[in-house]
Amino acid sequence: GTYYKAFNTPANFGDAILHCRLDGGTLAMPRDPATNDFLISLKNHVNSKSCFWFGLHDRRREGRFEWMDGRLLGHWRYKSWGAKQPDDRHRGEDCVHYFSSMDTKWGANTWNDADCSIPYLFICQVTPDTS
481 GTYYKAFNTP ANFGDAILHC RLDGGTLAMP RDPATNDFLI SLKNHVNSKS CFWFGLHDRR
541 REGRFEWMDG RLLGHWRYKS WGAKQPDDRH RGEDCVHYFS SMDTKWGANT WNDADCSIPY
601 LFICQVTPDT S
């Protein structure tokens with residue numbers, strides 16, 4: 481199975497990736513409703529008032545969101561964007577985070593694209609080798 485850990489430590493997107501790598505993992509990839517719901521409860525248990533990075537970005541090509549393993553988000557796949565998101569505001573929003581559980585403007589616990597240099601909390605996932 482896959483293990484998840486939410487960190488109550490702020491880091492920009494790149495540093496969050498490095499933190500996850502130290503644990504042998506990567507940023508979490510909520511590709512389905514069940515995983516997304518689990519990560520929401522996990523992050524809110526750790527800190528319900530903050531935003532958390534997870535493993536989705538369009539740093540390589542604007543508008544083409546991909547997971548940490550390179551798989552594309554795609555048009556027909558599960559997604560949970562907040563209101564009017566993603567919007568690439570100021571042409572500088574390439575990394576994706578969860579809004580806090582308190583967010584009433586965009587939607588509590590929904591996804592948003594943001595500037596990758598912002599220090600948010602983050603969620604890692606580790607899938608142990610079974611070999």
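Under my numbering, read the sequence shown as residues 481 to 611, first letter to last.
Backbone N, C-alpha and C define an ideal beta-carbon position, used for all residues, glycine too.
Would you tell me roughly how many angstroms separate the C-alpha atoms of residue i and residue j, rounded to the nearest one?
i, j, result
"D538", "R551", "11 Å"
"P608", "Y484", "11 Å"
"F487", "H525", "11 Å"
"W547", "K564", "21 Å"
"R569", "A508", "24 Å"
"R571", "F518", "31 Å"
"N516", "H577", "12 Å"
"G554", "A491", "27 Å"
Name, in chain order, the residues that DSSP records as bridge partners for residue i.
i, result
"F602", "F487 and W533"
"L502", "Bridge partners of L502: none, in fact."
"C596", "In DSSP, C596 forms no bridge with anything."
Please name the residue, chosen from the options, that lies closest to residue i on a Cα-to-Cα basis.
i, options, result
"S560", "H499, R501, P513 and N524", "P513"
"D549", "R511, H555, S530 and N516", "R511"
"R544", "T584, L498, F518 and E573", "E573"
"R540", "I497, A588 and C575", "C575"
"T601", "T584, A588, A508 and S530", "Contrary to the premise, residue 601 reads as Leu rather than Thr in this sequence. When only C-alpha atoms are compared, the closest one is S530."
"T584", "K523, G562 and D595", "G562"
"W533", "A588, G494, M582 and G587", "G494"
"W586", "S597, P566, K523 and Q605", "P566"
"W591", "I497, Y558 and R501", "Y558"
Can you have a look at residue i and say buried or exposed, based on whether 16 or more other CB atoms are within 10 angstroms of its CB?
i, result
"D593", "buried"
"S580", "buried"
"T489", "exposed"
"L536", "buried"
"G505", "buried"
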